[in-house]
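Undergrad: Residue numbers (our numbering): 149 to 524. Below is one structure. I have some questions about it.
Next comes the structure, spelled out in structure tokens:
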């Protein structure tokens with residue numbers, strides 16, 4: 149295992165290598181190019197949260213009729229969820245295509261750089277992290293405004309935890325015990341609630357119901373008890389060979405990260421932006437090729453699921469600009485394209501979980517027993 153640190157203007161990125169399903173898995177996180185906002189953001193008149201419930205009046209939010217196929221759910225999700233540039237772009241696009249998506253927030257993005265000592269990762273020194281903190285007070289205030297706009301528009305905020313300690317930044321999340329995870333989640337919750345009380349965040353820790361672990365790593369026998377104790381109901385970190393229905397593991401719904409065929413590479417890769425960039429060559433040149441290769445991969449996975457088991461398709465990404473934004477362009481293009489398709493719903497994890505709770509378990513078990521969808 150190895151890691152490297154890269155500093156870009158307004159961004160910290162950590163890269164960690166891990167072998168998963170005989171492929172190289174690499175994820176990174178950055179808070180993105182946050183633009184300064186107002187220096188302060190006052191709390192709302194009431195500390196009560198305004199997080200909307202999963203949509204109740206959508207035509208698809210109901211039990212399936214006899215013989216009816218499930219909608220093809222597409223779950224766009226973004227790790228880090230700190231970049232003002234990316235929030236602005238995706239919020240505008242999602243509104244235009246009636247889509248909802250999920251942002252997995254790194255909790256220390258709610259702390260200014262000079263507040264870093266408030267965080268102590270399990271087994272690490274106070275103020276240590278493998279990613280940057282929130283920047284200036286103005287940048288944190290802008291981030292709070294972006295999160296509030298997302299919540300108001302019906303998007304979901306989940307957790308990407310805090311310090312992003314992957315293998316190589318020991319002790320990484322893969323080695324944490326249940327007490328370590330409990331501590332990490334407790335600090336995330338405290339950062340969220342403090343931002344609610346002092347910065348006007350319209351979100352509280354009780355509104356967070358799951359997320360994605362750094363680098364998709366974790367000892368799940370140790371992590372899941374801490375997640376359950378925090379009231380989490382889902383995770384979206386573990387890989388699956390093909391597109392697979394969510395499975396309840398130890399009381400937690402696992403929304404699998406699909407390991408799919410990339411036509412441009414003639415092999416399978418975890419379908420996440422950085423993994424694709426790493427396998428496609430990791431250069432900043434010929435970025436149009438990266439965009440097209442990613443779009444082709446997304447389309448193939450969607451077709452396989454739509455024509456097959458109709459399992460929810462997880463599109464995992466980051467708020468970042470690798471390859472001059474090639475993967476952001478692919479994601480934006482696919483969101484605009486797929487969310488307008490018939491029998492397709494671009495939804496949050498909370499919405500899909502709510503939909504599953506309305507179904508006859510025997511019907512879902514029948515779909516869950518089908519082979520994972522595999523792109524040809």
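Positions of the beta carbon are idealized from the N, C-alpha and C atoms, including for glycine.
Nearest by alpha-carbon distance to residue 354: which of 366, 393 and 306 is it?
TA: Within the chain shown, residue 354 is the residue found at index 206, counting from 1. Cα-wise, what sits closest to residue 354 is 306.
Undergrad: Report the CB separation of residue 395 from residue 379 in whole angstroms; it is logged as a contact under 8 Å.
TA: One-based indexing of the chain shown puts residue 395 at position 247. One-based indexing of the chain shown puts residue 379 at position 231. 20 Å between Cβ atoms; not a contact.
Undergrad: Which first and last residues belong to the alpha helix (DSSP H) in which residue 516 is found?
TA: Within the chain shown, residue 516 is the residue found at index 368, counting from 1. Where residue 516 is concerned, the enclosing alpha helix (DSSP H) stretches over 509-516.
Undergrad: Quick test of the definition: if touching needs 3 or more C-beta pairs under 8 Å, does the segment 386-394 touch the segment 429-442?
TA: The answer is no - the segment 429-442 does not touch the segment 386-394, with fewer than three Cβ pairs under 8 Å.
Undergrad: With DSSP run on the structure shown, which of helix, strand or coil describes residue 244?
TA: One-based indexing of the chain shown puts residue 244 at position 96. Residue state, collapsed to three classes: helix.
Undergrad: Identify, in the order they occur along the chain, each residue of the same chain with its Cβ nearer than 6 Å to the Cβ of residue 264, setting aside the five sequence neighbours on each side.
TA: On the chain shown, residue 264 is found 116 positions in, with the first residue counted as 1. Once the five neighbours on either side are set aside, the close Cβ partners of residue 264 are 275 and 281.
Undergrad: Does the segment 468-479 come within contact of the segment 398-415, defined as at least 3 CB pairs closer than 8 Å?
TA: No, they do not touch.
Undergrad: Pop quiz: residue 420 and residue 464 are said to be a contact at Cβ under 8 Å. What is the actual Cβ separation, rounded to whole angstroms?
TA: Residue 420 sits at position 272 when you count from the first residue of the chain shown. Residue 464 sits at position 316 when you count from the first residue of the chain shown. So it is a contact: roughly 4 Å between Cβ atoms.
Undergrad: Is residue 227 closer than 8 Å to residue 430 when the C-beta atoms are compared?
TA: Counting from one through the chain shown, the residue named residue 430 turns up at place 282. Counting from one through the chain shown, the residue named residue 227 turns up at place 79. Not in contact: residue 430 and residue 227 (Cβ atoms no closer than 8 Å).
Undergrad: For residue 387, which beta-bridge partners are listed by DSSP?
TA: Residue mapping note: residue 387 aligns to position 239 of the chain shown, counting from 1. DSSP lists 405 as partners of residue 387.
Undergrad: Determine the closest residue to residue 523 out of 417, 495 and 477, with distance taken between C-alpha atoms.
TA: Here residue 523 is taken as the residue at index 375 of the chain shown, counted from 1. Among 417, 495 and 477, the Cα nearest to that of residue 523 is on 417.
Undergrad: What's the C-alpha gap between residue 182 and residue 255?
TA: Residue 182 sits at position 34 when you count from the first residue of the chain shown. Residue 255 sits at position 107 when you count from the first residue of the chain shown. Per-residue confidence for residue 182 stands at a pLDDT of 29, beneath the threshold of 50, marking its modelled position as unreliable; no derived number is given.
Undergrad: With DSSP as the reference, label residue 315 as helix, strand or coil.
TA: Numbered from its first residue, the chain shown carries residue 315 at position 167. In the structure shown, residue 315 sits in coil (DSSP, three-state: anything other than H, G, I, E or B).
Undergrad: Using a Cβ-Cβ cut-off of 6 Å (strictly less than) and excluding sequence neighbours within five positions of residue 457, which residues of its own chain qualify?
TA: To locate residue 457, count along the chain shown from 1; it is residue 309. So the qualifying residues of the chain are 515, 518 and 521.
Undergrad: Please report the Cβ distance between residue 298 and residue 251, rounded to the nearest whole angstrom; I am assuming they are in contact, meaning their Cβ atoms lie under 8 Å.
TA: Against the chain shown, residue 298 aligns to sequence position 150. Against the chain shown, residue 251 aligns to sequence position 103. Yes, residue 298 and residue 251 are in contact; Cβ-Cβ is about 6 Å, under 8 Å.
Undergrad: Check each candidate in 219, 412, 293 and 333 and name the one with the smallest Cα separation from residue 309.
TA: Sequence index remark: in the chain shown, residue 309 carries index 161 (1-based). Of the candidates 219, 412, 293 and 333, the one whose C-alpha sits nearest the C-alpha of residue 309 is 333.
Undergrad: Per DSSP, which one or two residues make a beta bridge with residue 493?
TA: Counted from its first residue, the chain shown places residue 493 at position 345. According to DSSP, which records beta bridges pairwise, residue 493 is partnered with 221.
Undergrad: Could you check the C-alpha separation between residue 291 and residue 261 for me, to the nearest Å?
TA: Taking the first residue of the chain shown as position 1, residue 291 is located at position 143. Taking the first residue of the chain shown as position 1, residue 261 is located at position 113. C-alpha separation (whole angstroms): 14 Å.
Undergrad: Looking at the structure shown, is residue 139 part of a helix, part of a strand, or coil, going by DSSP?
TA: Only positions 149 to 524 of the chain appear in the structure, and residue 139 is not among them; the question remains open.
Undergrad: Tell me, to the nearest whole angstrom, how far the beta carbon of residue 372 is from that of residue 398; I am working on the premise that it is less than 8 Å.
TA: Counting from 1 along the chain shown, the entry for residue 372 is found at position 224. Counting from 1 along the chain shown, the entry for residue 398 is found at position 250. Contact holds; Cβ gap of about 4 Å.
Undergrad: Taking residue 336 as the reference, give the member of 232, 284, 225 and 270 with the closest Cα.
TA: The residue given as residue 336 occupies position 188 in the chain shown. That would be 270, whose Cα lies nearest to the Cα of residue 336.
Undergrad: Return the CA-CA distance between residue 385 and residue 366, expressed in angstroms with no decimal places.
TA: Position 237 of the chain shown, counted from the start, is the residue given in the question as residue 385. Position 218 of the chain shown, counted from the start, is the residue given in the question as residue 366. One C-alpha to the other measures close to 9 Å.
Undergrad: Taking the alpha carbon of residue 476 as the reference point, which residue from 496, 454 and 425 has its own alpha carbon closest?
TA: Taking the chain shown and counting its residues from 1, one reaches residue 476 at position 328. Ranking 496, 454 and 425 by Cα distance to residue 476 puts 425 first.
Undergrad: With H, G and I counted as helix, E and B as strand and the rest as coil, what does DSSP make of residue 418?
TA: As a working note, residue 418 is residue 270 in the chain shown. Residue state, collapsed to three classes: strand.
Undergrad: Counting only the same chain and skipping the five closest in sequence on each side, list residues whose C-beta sits under 6 Å from that of residue 187.
TA: Within the chain shown, residue 187 is the residue found at index 39, counting from 1. Low local confidence applies: a pLDDT of 31 at residue 187 is under 50, so the model's placement there is unreliable, with the coordinate-based value given in what follows. Around residue 187: 285 and 286.
Undergrad: Tell me which same chain residues have a C-beta within less than 8 Å of the C-beta of residue 388, skipping the five on either side of it?
TA: Here residue 388 refers to the residue found at position 240 when the chain shown is read from its first residue. Result list for residue 388: 404, 405, 406, 407 and 520, in chain order.
Undergrad: Assuming residue 304 and residue 453 are in contact, meaning their beta carbons sit under 8 Å apart, how far apart are those beta carbons, in whole angstroms?
TA: On the chain shown, residue 304 is found 156 positions in, with the first residue counted as 1. On the chain shown, residue 453 is found 305 positions in, with the first residue counted as 1. With 8 Å as the limit, residue 304 and residue 453 do not qualify as a contact, their Cβ atoms being about 21 Å apart.
Undergrad: Does DSSP put residue 352 in a helix, in a strand, or in coil?
TA: Taking the first residue of the chain shown as position 1, residue 352 is located at position 204. Coil at residue 352, not helix or strand.
Undergrad: Please check the pair residue 462 and residue 225, which I expect to be a contact at CB under 8 Å, by giving their CB distance rounded to whole angstroms.
TA: Start at 1 with the first residue of the chain shown, and residue 462 comes out as number 314. Start at 1 with the first residue of the chain shown, and residue 225 comes out as number 77. So it is a contact: roughly 7 Å between Cβ atoms.
Undergrad: What separation, rounded to the nearest whole angstrom, lies between the Cα atoms of residue 484 and residue 272?
TA: Position 336 of the chain shown, counted from the start, is the residue given in the question as residue 484. Position 124 of the chain shown, counted from the start, is the residue given in the question as residue 272. Computed Cα separation, rounded: 42 Å.
Undergrad: Going along the chain, which residues of its own chain have a beta-carbon closer than 8 Å to the beta-carbon of residue 341, five neighbours each way excluded?
TA: The sequence position of residue 341 within the chain shown is 193, counting from 1. Correct list, in chain order: 352 and 353.
Undergrad: Under the criterion of a Cβ to heavy atom distance below 7 Å, does residue 392 qualify as lining the ligand NAP?
TA: No copy of the ligand NAP appears in this structure; indeed no ligand is present at all.
Undergrad: What does the Cβ neighbour count give for residue 283, buried or exposed, with the cut at 16 atoms within 10 Å?
TA: On the chain shown, residue 283 is found 135 positions in, with the first residue counted as 1. Answer is buried; the Cβ neighbour count reaches 16.
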